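For what it's worth, full-length UniProt numbering labels the leading residue of the sequence shown as 1, then goes sequentially.
What follows is a short report on a single structure.
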Amino acid sequence: AYTSQRCPICGNIHHANDRNYTCKCGFHTHRDLLGARNICNSTEYVGNRHTA
1 AYTSQRCPIC GNIHHANDRN YTCKCGFHTH RDLLGARNIC NSTEYVGNRH
51 TA
């Protein structure tokens with residue numbers, strides 16, 4: 001949860017209503033890209049399979 005609201009740099013949760021995400025730490029990006037990045041960062045490898 002919060003994949004489009006959590007800063008990947010500092011972990012801060014920001015509840016923005018627009019399509020762009022700007023964190024107080026200075027990180028900024030489009031919220032869809034942020035969500036995709038956070039989903040990718042939350043996965044791990046188990047054996048030869050990639051799982052979330």
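The C-beta atom is built at its ideal place from N, Cα and C for all residues, glycine as well.
Predicted, not measured: the structure shown is a model, and the values here were computed from it.
Cβ neighbours of residue i in the same chain (closer than 6 Å, five flanking residues each side left out)
i	result
Thr3	Gly35, Asn38, Ile39
Phe27	Cys7, Ile9
Leu33	none
C-beta atoms of residue i and residue j nearer than 7 Å
i	j	result
His14	Cys23	yes
Tyr21	Arg31	yes
Straight-line gap, residue i to residue j (C-alpha atoms, nearest Å)
i	j	result
Asn41	Ile9	11 Å
Thr43	Asn12	19 Å
Residues of its chain near residue i, where Cβ-Cβ distance is below 8 Å and the 5 sequence neighbours each way are ignored
i	result
Thr29	Asn20, Tyr21, Arg37
Ala16	Gln5, Thr22, Arg31
Neighbourhood of residue i by C-beta distance below 7 Å, restricted to the same chain and skipping five residues each side
i	result
Asp18	none
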